[in-house]
Amino acid sequence: MKITVIGAGNVGATCANVIAHKALANQIVLVDIKEGLAEGKALDMWQTASVNIFDTRIIGVTNDYLATKDSEIVVITSGIPRKPGMSRDDLISTNAKIVKEVTEKVIRYSPDAVIIVVSNPLDVMTYAAYLAAKMHHSKVFGMAGILDAARYKSFIAEALNTSPRDVQALLLGGHGDTMVPLPRYTSVSGIPVSQLLDQEEIDRIVQKTRQGGGDLVKLIGTSAWYAPGAAAALMVEAIAHDQHRIFSICAYVSGEYGIRDLYLGVPVKLGRAGVEQVVEIELDDNEKQLLHDSACSVRRLKKILDDTNLF
């Protein structure tokens, strides 16, 4: 299997490194526009192969999409990251142009690839990639819910002083301040979180999760990379091994949850063909309202992209 990662910055390089360690492909191609960046990072990673015990060949190229030919999975991380004071909305115009260009180049050489978008603002950039790819929406989707759930689970584990591996959680909605963590669907080794934490603590964790990305921007001056890179690699694993795993990701909804024609965070079954099914779960009235409010926020961003007339 051949996997391409577009963008050799922090997120892309982390994603490629995790994919290599998991031995998900025979070859990983790392692409960037900056001369020598992808080549250097790929060489550095390849030289850890004997130490970390993997034999996936990693190569780096500068703007050479011919090298990506016949990739089965493509991860797009291209775009400028958030800086302090910037919202995800501020990135739309600049990053949409980048995502459009790289997606068109990817599809030229790998028309059957499954595409995972990591670029921000995530929901609308996934929509941009879908428009550029001109392929079925089941094969173009974004990484969001896995990252948001990972943050949510880490905060719960911290509050309980327990292993994050024992925490199961689900989130819906857009990747940002309107995301919808679902405490009713959160448990620790099967125990509902409501039996382990009081409502005030749960509410605090939910709010901390919603602002998790922004907090990291304040701390390090740019977007996070370890967790997003690892989250994207987990999606790659589910596809490469045809695992039919159920994850919350940014997927196209066409009537599910009463929402239509929008990319939004929902649970899906993910396998070799991409999104095999959007999974609908029961929501109470408050959860439904929060999800629809989040959808309205994402639709506003979608309109900003539509108004640029890029597509």
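Residues in the sequence shown are numbered from 16 upward in steps of one, following our numbering.
Where a beta carbon is used, it is the ideal one built from N, C-alpha and C, also for glycine.
Remember, predicted model here, so these are calculated numbers, not experimental data.
- Taking 7 Å as the cut-off, the Cβ atoms of residue 147 and residue 164 do not count as close.
- Between residue 132 and residue 289, the C-beta gap is not smaller than 7 Å, which leaves the two residues out of contact.
- Considering only 315, 48, 120, 64, the residue with the shortest C-alpha distance to residue 94 is 48.
- At the C-beta level, residue 241 and residue 142 stay beyond 7 Å of one another.
- When DSSP states are grouped into helix, strand and coil, residue 235 belongs to the helix group.
- Annotation: the region 154 to 201 contains the following complete segments of the alpha helix (DSSP H) (minimum length 4 residues), in chain order: 160 to 175.
- Here residue 38 is exposed, its C-beta having fewer than 16 other C-beta atoms within 10 Å.
- Contact between the region 188 to 207 and the region 246 to 257 is absent: fewer than three C-beta pairs spanning the two stretches fall below 8 Å.
- For the pair residue 298 and residue 272, the Cα-to-Cα distance works out to about 9 Å.
- The residue among 188, 207, 171, 161 with its C-alpha nearest the C-alpha of residue 304 is 188.
- Following the DSSP letters along the chain, one finds residue 117 inside the alpha helix (DSSP H) bounded by residues 107 to 124.
- In this structure, residue 111 sits away from residue 285, with a CB-CB distance that is not shorter than 7 Å.
- Residue 69 counts as buried, since at least 16 other C-beta atoms from the protein chains shown sit within 10 angstroms of its C-beta.
- For the pair of segments examined, the region 231 to 238 was found not to touch the region 144 to 159: the number of CB pairs separated by less than 8 Å stays below three.
- Under the DSSP assignment, residue 282 falls in the beta strand (DSSP E) whose first and last residues are 275 to 286.
- Each residue's CA atom was taken as its position, placing residue 192 and residue 65 some 42 Å apart.
- Counted as a single uninterrupted DSSP element, the beta strand (DSSP E) harbouring residue 132 occupies residues 129 to 132.
- Inter-residue distance for residue 246 and residue 72 is about 21 Å (C-alpha atoms, whole angstroms).
- Contact check for residue 21 and residue 89: beta-carbon distance about 7 Å, within the 8 Å limit, so the pair qualifies.
- Exposure of residue 295 is indicated by the presence of fewer than 16 other C-beta atoms within 10 angstroms of its C-beta.
- DSSP places residue 87 outside both helix and strand once states are collapsed to three, so it counts as coil.
- Its Cα nearest to that of residue 262, the residue 249 stands out among 268, 249, 139.
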